[in-house]
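Peer 1: Here you go, one structure.
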Amino acid sequence: GAVVSQHPSWVICKSGTSVKIECRSLDFQATTMFWYRQFPKQSLMLMATSNEGSKATYEQGVEKDKFLINHASLTLSTLTVTSAHPEDSSFYICSARASEYNEQFFGPGTRLTVL
Amino acid sequence: GNSVTQMEGPVTLSEEAFLTINCTYTATGYPSLFWYVQYPGEGLQLLLKATKADDKGSNKGFEATYRKETTSFHLEKGSVQVSDSAVYFCALRPNQGGKLIFGQGTELSVKP
Numbered sequence: 037g038a039v040v041s042q043h044p045s046w047v048i049c050k051s052g053t054s055v056k057i058e059c060r061s062l063d064f065q066a067t068t069m070f071w072y073r074q075f076p077k078q079s080l081m082l083m084a085t086s087n088e089g090s091k092a093t094y095e096q097g098v099e100k101d102k103f104l105i106n107h108a109s110l111t112l113s114t115l116t117v118t119s120a121h122p123e124d125s126s127f128y129i130c131s132a133r134a135s136e137y138n139e140q141f142f143g144p145g146t147r148l149t150v151l
Numbered sequence: 109g110n111s112v113t114q115m116e117g118p119v120t121l122s123e124e125a126f127l128t129i130n131c132t133y134t135a136t137g138y139p140s141l142f143w144y145v146q147y148p149g150e151g152l153q154l155l156l157k158a159t160k161a162d163d164k165g166s167n168k169g170f171e172a173t174y175r176k177e178t179t180s181f182h183l184e185k186g187s188v189q190v191s192d193s194a195v196y197f198c199a200l201r202p203n204q205g206g207k208l209i210f211g212q213g214t215e216l217s218v219k220p
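Chains Z and G, in that order, are what the protein sequence lines are.
At the far end of the first sequence sits residue 151, using my numbering, and the numbering has no gaps.
At the far end of the second sequence sits residue 220, using my numbering, and the numbering has no gaps.
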């Protein structure tokens with residue numbers, strides 16, 4: 037089946053530093069990748085959609101300069117949280133979709149804690 | 109607009125009890141409907157889906173039927189296990205290639 041991995045699975049950083057989260061599709065080429073944020077006991081909030089080789093499309097209210105998304109290849113997308121602050125602490129989940137699959141496959145998530 | 113509404117949790121059941129988690133949706137056209145499950149500390153896994161009216165999705169003993177007349181996609185299981193404890197998300201996709209729209213999630217806790 038289609039597998040999506042994320043790295044790291046959890047990260048703790050100091051306020052003001054930047055953190056990069058990787059999302060990889062392991063056995064398929066992901067033409068589109070999605071980044072979600074999930075607060076405790078809440079639903080997933082779509083942050084942005086990225087297509088390989090083009091700029092990400094951000095949802096309303098998401099700061100594109102704060103959350104940098106790069107979809108450089110068909111198997112890798114990265115989310116960089118720049119100058120992280122405690123309010124950025126959250127569970128970040130990516131998902132990937134290939135043109136041959138009519139569904140999205142989700143990664144296991146990355147727990148970010150900003151001190 | 110498009111939206112998904114789920115019954116509020118948490119839902120607490122004893123092992124082998126019957127489960128129903130209600131899900132209703134609002135959408136134009138003919139969306140695809142999904143149930144995802146999230147186990148503690150993990151990402152989402154697709155549980156089942158249905159792409160047109162009257163389709164029944166099923167997996168691991170869970171079932172849901174796409175009811176266009178009531179705009180519903182209720183999740184059911186005849187006999188739950190402790191291992192089914194998780195958060196369940198109902199979702200719709202308005203059209204092929206469109207974005208998934210999630211309900212708020214329903215936490216299920218199954219006690220031995």
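All C-beta atoms, glycine included, are put in the ideal place defined by N, C-alpha and C.
Roughly how many angstroms lie between the CA atoms of Z/Thr68 and G/Tyr138, to the nearest whole one?
Peer 2: Position 32 of the first sequence, counting from 1, holds the residue named residue 68 of chain Z. Position 30 of the second sequence, counting from 1, holds the residue named residue 138 of chain G. The straight-line gap from Cα to Cα measures roughly 22 Å.
Peer 1: Give a yes or no on whether the minimum CB-CB distance between Z/Glu139 and chain G is below 8 Å.
Peer 2: For this step, residue 139 of chain Z is matched to residue 103 along the first sequence. Yes, Z/Glu139 counts as interfacial toward chain G.
Peer 1: Along chain Z, which residues have their Cβ under 8 Å away from the Cβ of G/Gly109?
Peer 2: Stepping through the second sequence from its first residue, residue 109 of chain G is reached at position 1. Here the premise fails: no neighbours, minimum Cβ distance about 13 Å.
Peer 1: In chain order, what are the residue ranges of uninterrupted beta strand (DSSP E) at least 3 long that sit wholly in the stretch 60-110 of chain Z?
Peer 2: Within the stretch 60-110 of chain Z, the complete beta strand (DSSP E) runs of at least 3 residues are 68-74, 80-87, 103-109.
Peer 1: Please report whether the beta-carbon of G/Leu152 lies at a distance below 8 Å from any beta-carbon of chain Z.
Peer 2: Residue 152 of chain G sits at position 44 when you count from the first residue of the second sequence. Yes, its Cβ sits closer than 8 Å to a Cβ of chain Z.
Peer 1: For chain G, is any of its Cβ atoms less than 8 Å away from the one on Z/Ile129?
Peer 2: Sequence index remark: in the first sequence, residue 129 of chain Z carries index 93 (1-based). Yes, Z/Ile129 counts as interfacial toward chain G.
Peer 1: List the residues of chain Z that G/Lys207 touches, going by C-beta distances under 8 Å, in chain order.
Peer 2: Here residue 207 of chain G corresponds to residue number 99 of the second sequence, with the count starting at 1. The contacting residues are Phe70, Leu82, Thr85.
Peer 1: Evaluate G/Asp162 with the Cβ neighbour count: other Cβ atoms within 10 Å of its Cβ, from every protein chain shown; 16 or more gives buried, anything less gives exposed.
Peer 2: Translated into the one-based positions of the second sequence, residue 162 of chain G becomes position 54. Per the 10 Å Cβ criterion, exposed.
Peer 1: For G/Gly165, which residues in chain Z fall below 8 Å Cβ to Cβ?
Peer 2: Numbered from its first residue, the second sequence carries residue 165 of chain G at position 57. Going along chain Z, no residue has its Cβ under 8 Å from G/Gly165, so there is no contact; the nearest lies around 12 Å.
Peer 1: Closest Cβ-Cβ distance between G/Gly211 and chain Z: below 8 Å?
Peer 2: Start at 1 with the first residue of the second sequence, and residue 211 of chain G comes out as number 103. So yes, G/Gly211 belongs to the interface.
Peer 1: Assuming G/Glu215 and G/Pro118 make a contact with CB atoms under 8 Å, what is their CB distance in whole Å?
Peer 2: By one-based count along the second sequence, residue 215 of chain G stands at place 107. By one-based count along the second sequence, residue 118 of chain G stands at place 10. Confirmed, Cβ separation roughly 4 Å.
Peer 1: Can you check which of these residues, G/Ser111, G/Leu141, G/Pro202, G/Glu150, is closest to G/Leu193 by C-alpha distance?
Peer 2: If you number the second sequence from 1, residue 193 of chain G lands on position 85. Before going on, a small fix: residue 193 of chain G reads as Ser here, not Leu. Residue G/Glu150 is the option with its Cα nearest to G/Ser193.
Peer 1: What residues of chain Z sit near G/Phe197, judged by a beta carbon separation below 9 Å?
Peer 2: Mapped onto the second sequence, residue 197 of chain G falls at position 89. Within 9 Å Cβ-Cβ: Ser79, Leu80.
Peer 1: Please list, in chain order, the chain G residues whose beta carbon lies closer than 8 Å to that of Z/Gly143.
Peer 2: Position 107 of the first sequence, counting from 1, holds the residue named residue 143 of chain Z. The contacting residues are Gly151.
Peer 1: Would you check if the distance between the CB atom of G/Asn110 and the CB atom of G/Leu200 is smaller than 8 Å?
Peer 2: Locating residue 110 of chain G in the second sequence gives position 2, counting from the first residue. Locating residue 200 of chain G in the second sequence gives position 92, counting from the first residue. Yes.
Peer 1: Do Z/Ser126 and Z/Phe75 have their beta-carbon atoms positioned less than 8 Å apart in this structure?
Peer 2: Position 39 of the first sequence holds residue 75 of chain Z. Position 90 of the first sequence holds residue 126 of chain Z. Their beta carbons are under 8 Å apart, which means Z/Phe75 touches Z/Ser126 by this criterion.
Peer 1: Threshold first: 4 residues or longer. Then list the alpha helix (DSSP H) segments lying entirely within the stretch 109-176 of chain G, N to C.
Peer 2: Listed in chain order, nothing qualifies, since the stretch 109-176 of chain G has no complete alpha helix (DSSP H) run of 4 or more residues.
Peer 1: Counting along the chain, where does the beta strand (DSSP E) carrying Z/His43 start and finish?
Peer 2: One-based indexing of the first sequence puts residue 43 of chain Z at position 7. First-last of the beta strand (DSSP E) with Z/His43: 40-43.
Peer 1: So, helix, strand or coil for G/Val191, using DSSP?
Peer 2: For the purposes of this step, residue 191 of chain G is taken as the residue at position 83 of the second sequence. Reading off the sequence, residue 191 of chain G comes out as Ser, not Val. G/Ser191: helix per DSSP, three-state reduction.
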